[in-house]
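Heads up, the thing below is written out as structure tokens.
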């Protein structure tokens, strides 16, 4: 399962989620402002930024179309 850690007002988060939705890629949106445990999960990954995208094999920070494209190829 793909997780997208996001927060309100984050344009890159909205772009990432829109890209996944447009390409019929299932994901879970984790709003870090509503979940204290989500902040802990991000810290374990070494991230303090949104969007952070987590897949089964890797994670990355930011709206990375190159990485997102591989999820629906």
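In UniProt numbering, the protein residues as written are 1 to 73. Glycine included, each C-beta is placed from N, C-alpha and C at the ideal position.
Worksheet item: Would DSSP call residue 3 helix, strand or coil?
Response: To locate residue 3, count along the chain shown from 1; it is residue 3. Reduced to three states, the DSSP call for residue 3 is strand.
Discussion item. Looking only at its chain, what residues have a beta carbon closer than 6 Å to the beta carbon of residue 64, apart from the 5 residues adjacent to it on each side?
Written reply: Locating residue 64 in the chain shown gives position 64, where the first residue counts as 1. Within the same chain, residue 64 has no close Cβ partners at all.
Item to complete: Flag this pair as yes or no: are the beta carbons of residue 29 and residue 6 separated by less than 7 Å?
Response: Reading the chain shown from its first residue, position 29 is the one you call residue 29. Reading the chain shown from its first residue, position 6 is the one you call residue 6. Yes, the pair counts as a contact, with Cβ atoms nearer than the cut-off.
Worksheet item: Within 10 angstroms of its Cβ, does residue 38 collect 16 or more other Cβ (buried), or is it exposed?
Response: Here the question's residue 38 lines up with position 38 in the chain shown. That one is buried.
Item to complete: Give me the Cα-Cα distance between residue 36 and residue 71, rounded to the nearest whole angstrom.
Response: Indexing the chain shown from 1 puts residue 36 at position 36. Indexing the chain shown from 1 puts residue 71 at position 71. Whole-angstrom Cα-Cα distance: 28 Å.
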